[in-house]
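**Q** As you go down the protein sequences, you meet chains A and B in turn.
Under the UniProt record's numbering, read the first sequence as residues 1 to 236, first letter to last.
Under the UniProt record's numbering, read the second sequence as residues 1 to 236, first letter to last.
Number of protein chains: 2
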Amino acid sequence: MSRPGLRERKKQKTRLALIDAALDLFAEQGYDATTVDQIAAAVDVSPRTFFRYFATKEDVALSLDADGQEILLAELAARPAEEPPFTALGRAMNTMITILEQGDTADRSRFLKARELIESTPALFAGGVRMMMQNERLLVAEIARREGMSPDDLLPHFAVSLFTAAIRVGLEACGPGQLNDLSDLTRHVDRVMELAERSLRPGWDRPAPGDGTASGAGPGSGEGTAGDGSVPDGRE
Amino acid sequence: MSRPGLRERKKQKTRLALIDAALDLFAEQGYDATTVDQIAAAVDVSPRTFFRYFATKEDVALSLDADGQEILLAELAARPAEEPPFTALGRAMNTMITILEQGDTADRSRFLKARELIESTPALFAGGVRMMMQNERLLVAEIARREGMSPDDLLPHFAVSLFTAAIRVGLEACGPGQLNDLSDLTRHVDRVMELAERSLRPGWDRPAPGDGTASGAGPGSGEGTAGDGSVPDGRE
DNA sequence: TTGTCAGTTGTCAGTGACTGCCATAAATTA
DNA sequence: TAATTTATGGCAGTCACTGACAACTGACAA
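So, in structure tokens, the structure goes:
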């Protein structure tokens with residue numbers, strides 16, 4: 001495989017430099033007190049360029065999480081179809097962390113630094129949740145595809161929502177300063193996932209056998225009005 | 001009871017006027033395309049004053065939801081202690097909607113208008129989720145109190161997180177234009193809550209009998225460092 | 001090597017959210 | 001009516017973010 005070319009390499013370098021500078025400044029003086037100009041100056045780049053790399057100031061801290069979620073989605077798609085939705089999601093999550101663990105030391109510490117910052121900064125925390133919700137859509141679509149259900153069906157929505165809820169509890173459980181290693185993350189997440197498995201009925205994950213309509217709205221649910229057990233896409 | 005005095009009444013009037021004007025403008029020209037100056041002008045108030053009523057532009061659309069969540073919390077506190085957490089949360093939610101239904105027509109339509117706007121506007125949607133997460137903390141604290149558990153215990157966190165996840169799915173299920181009445185909201189939310197009840201083991205809600213450590217750190221997680229089955233507060 | 005082209009960057013001017021400050025006006029209380 | 005509190009308006013300023021244009025720099029082919 002040929003290397004990506006000088007231009008591309010330079011871009012990645014700048015991107016990482018911006019992230020590192022931002023993370024350092026945020027940790028030092030706080031997120032709100034840090035201006036984009038400072039970050040740009042630290043990397044010797046114009047503020048305008050910063051916004052060519054990251055759409056918002058939030059994004060520079062959130063981008064690593066975004067990468068992670070992309071991996072999660074890809075890994076979910078790679079899970080065998082026999083695995084029920086929730087199991088597949090959990091395994092994909094573990095694989096994702098494993099992949100993160102394979103990065104070099106700088107990558108790993110950068111990721112952990114970002115996570116800690118996100119959890120301890122209200123503005124970033126909100127942004128992180130926002131991202132997770134956006135990703136939720138994609139996860140729902142993938143689960144629906146795997147299971148051969150409509151993406152409007154309630155069950156995939158519920159399953160994915162439950163999954164992200166569990167992950168969030170796991171992430172919150174990594175208190176301040178408790179996140180020294182990616183294995184800490186795995187441990188916390190696994191604990192919550194186990195609690196979830198323990199709390200749920202076996203097979204909740206998939207439509208009850210003989211339940212043709214699954215959890216509602218099969219193909220021709222007569223009335224097109226509301227309350228037919230489906231959930232529309234609804235956002236542009 | 002003596003009426004709140006002219007000053008207070010005037011303030012409430014301005015607040016509602018700002019909300020109404022904002023909701024109309026948002027619906028007309030979109031959230032992003034509407035400036036705070038426009039909203040203020042529509043109510044004949046200086047932009048500076050707008051920010052004395054609402055900390056951010058988002059808040060003017062989110063404030064009704066915020067009121068709702070406050071009610072939810074109060075109703076949860078009023079539920080009998082015998083009810084297990086998830087049940088109590090669900091009942092409190094229903095009561096909250098009932099209370100909203102008791103407002104006058106203007107109040108109700110305002111609320112529905114705001115909800116529809118929030119669901120259809122990415123920026124507002126994100127803000128709404130943010131709010132819900134903040135409220136989640138309070139719900140966790142209340143559940144922990146009811147159950148006599150530490151607010152750091154994993155179980156209340158999981159239960160509340162699951163609850164809000166279900167509510168969110170219910171809210172998303174109210175597609176665009178499908179929210180004509182508060183009863184639509186009840187219907188969608190109830191459907192998801194039923195799915196949740198059906199999916200969960202009876203009693204998952206409360207620590208297993210004889211399980212001293214509640215949901216904590218199963219047997220054999222020796223190290224007393226992180227991951228002891230608790231979740232710290234972690235935000236200032 | 002050189003010229004062309006596409007992608008990247010800096011500069012600049014501008015919009016809009018949001019804040020602190022101070023003077024003024026209105027409501028409350030004495 | 002006078003004194004005090006509280007809401008408001010105006011203003012100047014900061015900061016996130018954007019569009020437009022010009023200068024630069026790798027990529028690539030002649």
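Every residue, glycine too, gets a C-beta built ideally from N, C-alpha and C.
Please read all numbers here as calculations on a predicted model, not as lab measurements.
#1: Can you list, in chain order, the residues of its chain with a C-beta nearer than 8 Å to that of Pro168(B)? Leave out the 5 residues immediately preceding and following it.
#2: For a contact defined as C-beta to C-beta under 7 Å, what are the partners of Leu162(B) on chain A?
#3: In chain A, what lies closer than 8 Å to Val192(B) by C-beta?
#4: Against chain A, does Arg110(B) count as a neighbour if the rule is that its beta carbon must be under 7 Å from one of theirs?
#5: What residues from chain A crowd round Ser199(B), counting only those whose CB sits closer than 7 Å?
#6: I'd like to know if the segment 93-112 of chain B and the segment 133-141 of chain B are in contact, where contact means that at least 3 CB-CB pairs between them fall below 8 Å.
#7: Chain A partners of Val189(B), CB-CB under 7 Å?
#8: Beta-carbon of Met133(A) versus every beta-carbon of chain B: anything under 7 Å?
#9: To the nearest angstrom, report how far apart Ser183(B) and Arg115(B) are at their CA atoms.
#10: Since I believe Val43(A) is in contact with Leu18(A) (beta carbons under 8 Å), could you give me their beta-carbon distance rounded to a whole number of angstroms?
#11: Counting along the chain, where does the alpha helix (DSSP H) carrying Met93(A) start and finish?
#12: Near Ala66(B), which residues of its chain fall below 7 Å by C-beta distance, leaving aside the five closest residues on each side in sequence?
#13: Candidates Arg191(A), Asn135(A) and Leu200(A): which alpha carbon is nearest Asp153(B)'s?
#14: So is Lys13(A) buried or exposed if we call it buried at 16+ other beta carbons inside 10 Å?
#15: Could you tell me which of Leu72(A), Ala78(A) and Gln38(A) sits nearest to Lys57(A), measuring between CA atoms?
#16: Using a beta-carbon distance below 7 Å, is Leu89(B) in contact with chain A?
#17: What is the rounded straight-line gap between the Cα of Ala226(A) and the Cα of Glu28(A)?
#18: Rounding to the nearest angstrom, what Cα-Cα distance links Leu185(A) and Leu76(A) in this structure?
#19: If Ser161(B) and Ala165(A) are in contact, beta carbons under 8 Å, what's the gap, nearest whole angstrom?
#20: Return the first residue and the last residue of the alpha helix (DSSP H) that Ala33(A) is part of.
#21: State the beta-bridge partners of Leu200(B) as determined by DSSP.
#22: Tell me the rounded alpha-carbon separation between Arg108(A) and Lys10(A).
#23: Taking Cβ to Cβ, would you say Leu117(A) is nearer than 7 Å to Ala61(A)?
#24: Relative to the C-alpha of Phe86(B), which candidate in Pro202(B), Phe51(B), Gly127(B) and Cys174(B) has its C-alpha closest?
#25: Cβ atoms of Ala40(A) and Phe50(A): under 7 Å apart, would you say?
#26: For a cutoff of 7 Å on Cβ pairs, would you count Val36(A) as touching chain B?
#27: Would you call the CB atoms of His188(A) and Ala208(A) closer than 7 Å?
#28: What three-state label does DSSP hand Asp104(A) in the structure shown?
#29: Got a sec, what are the start and stop residues for the alpha helix (DSSP H) Ser63(B) sits in?
#30: In terms of residues, what are the limits of the alpha helix (DSSP H) holding Thr49(B)?
#31: With respect to the alpha helix (DSSP H) encompassing Leu179(B), which residues constitute its N-terminal and C-terminal limits?
#32: Which residues share a DSSP beta bridge with Asp184(B)?
#33: Mind listing the chain B neighbours of Ala78(A)? Cutoff is C-beta to C-beta under 9 Å, in chain order.
#34: In chain A, which residues lie with their C-beta within 8 Å of the C-beta of Val169(B)?
#35: Starting from Asp141(B), find everything on chain A with Cβ-Cβ shorter than 8 Å and list it in chain order.
#36: When the Cα atoms are used, what is the spatial distance from Gly127(B) to Tyr31(B)?
**A** So, to answer that:
#1: Per the sequence shown, residue 168(B) should be read as Arg rather than Pro. Residues Val129 and Met132 of the same chain have their beta carbon placed closer than 8 Å to that of Arg168(B), with the five preceding and five following residues left out of the count.
#2: The contacting residues are Leu162 and Ala165.
#3: Proximity of chain A to Val192(B) at the Cβ level (cut-off 8 Å) is accounted for by Leu154 and Phe158, in chain order.
#4: Judged by the 7 Å Cβ criterion, Arg110(B) is not in contact with chain A.
#5: For Ser199(B), the chain A residues whose Cβ falls inside 7 Å of its Cβ are Leu200, Arg201 and Trp204, in order along the chain.
#6: Counting Cβ pairs under 8 Å, fewer than three are found: no touch.
#7: Going along chain A, no residue has its Cβ under 7 Å from Val189(B), so there is no contact; the nearest lies around 11 Å.
#8: Yes, its Cβ sits closer than 7 Å to a Cβ of chain B.
#9: Approximately 14 Å, taken between the alpha carbons.
#10: Between Val43(A) and Leu18(A) the Cβ distance is about 5 Å, and since that is below 8 Å, they are a contact.
#11: First-last of the alpha helix (DSSP H) with Met93(A): Pro85 to Glu101.
#12: Same-chain partners within the cutoff: Met131.
#13: Distances from the CA of Asp153(B) to each of Arg191(A), Asn135(A) and Leu200(A) were compared; the closest alpha carbon is that of Arg191(A).
#14: Within a 10 Å sphere around the beta-carbon of Lys13(A) sit fewer than 16 other beta-carbons, which makes this residue exposed.
#15: Comparing Cα-Cα distances from Lys57(A) to each of Leu72(A), Ala78(A) and Gln38(A), the minimum goes to Gln38(A).
#16: Using a Cβ-Cβ cut-off of 7 Å, Leu89(B) does not count as an interface residue toward chain A, since no Cβ of chain A sits closer than that to its own.
#17: Below a pLDDT of 50, predicted positions are generally treated as unreliable, and Ala226(A), at 41, falls in that range; no measurement from the model is reported.
#18: Going from the Cα of Leu185(A) to the Cα of Leu76(A) covers about 19 Å.
#19: At roughly 4 Å, the Cβ-Cβ gap stays under 8 Å, so Ser161(B) and Ala165(A) are in contact.
#20: Looking at the DSSP string, Ala33(A) is not in any alpha helix (DSSP H), and its letter there is neither H nor E.
#21: Bridge pairing for Leu200(B): Leu200(A) [DSSP].
#22: Taking the Cα positions, Arg108(A) is about 21 Å away from Lys10(A).
#23: Yes, the Cβ-Cβ distance between Leu117(A) and Ala61(A) is below 7 Å.
#24: For Phe86(B), the closest of Pro202(B), Phe51(B), Gly127(B) and Cys174(B) by C-alpha to C-alpha distance is Pro202(B).
#25: It is a contact, given that the beta carbons lie within the stated cut-off.
#26: Using beta-carbon distances, Val36(A) does not count as an interface residue toward chain B, since no partner is under 7 Å.
#27: Cβ distance not < 7 Å, so His188(A) and Ala208(A) don't count as in contact.
#28: In this structure, Asp104(A) counts as coil in the three-state DSSP scheme.
#29: From DSSP, the alpha helix (DSSP H) with Ser63(B) extends over Lys57 to Ala78.
#30: Here the alpha helix (DSSP H) through Thr49(B) covers Pro47 to Tyr53.
#31: Counted as a single uninterrupted DSSP element, the stretch harbouring Leu179(B) is not any alpha helix (DSSP H), since DSSP gives it neither H nor E.
#32: According to DSSP, Asp184(B) bridges with nothing at all.
#33: None at all; the shortest Cβ gap to chain B is about 25 Å.
#34: What Val169(B) touches in chain A: Leu154, His157, Phe158, Ser161 and Val231.
#35: It is Ala, not Asp, that sits at residue 141(B) in the sequence shown. When 8 Å is used as the limit between beta carbons, Ala141(B) is near no residue of chain A, the shortest such separation being about 14 Å.
#36: Straight through space, the alpha carbons of Tyr31(B) and Gly127(B) are spaced by roughly 13 Å.
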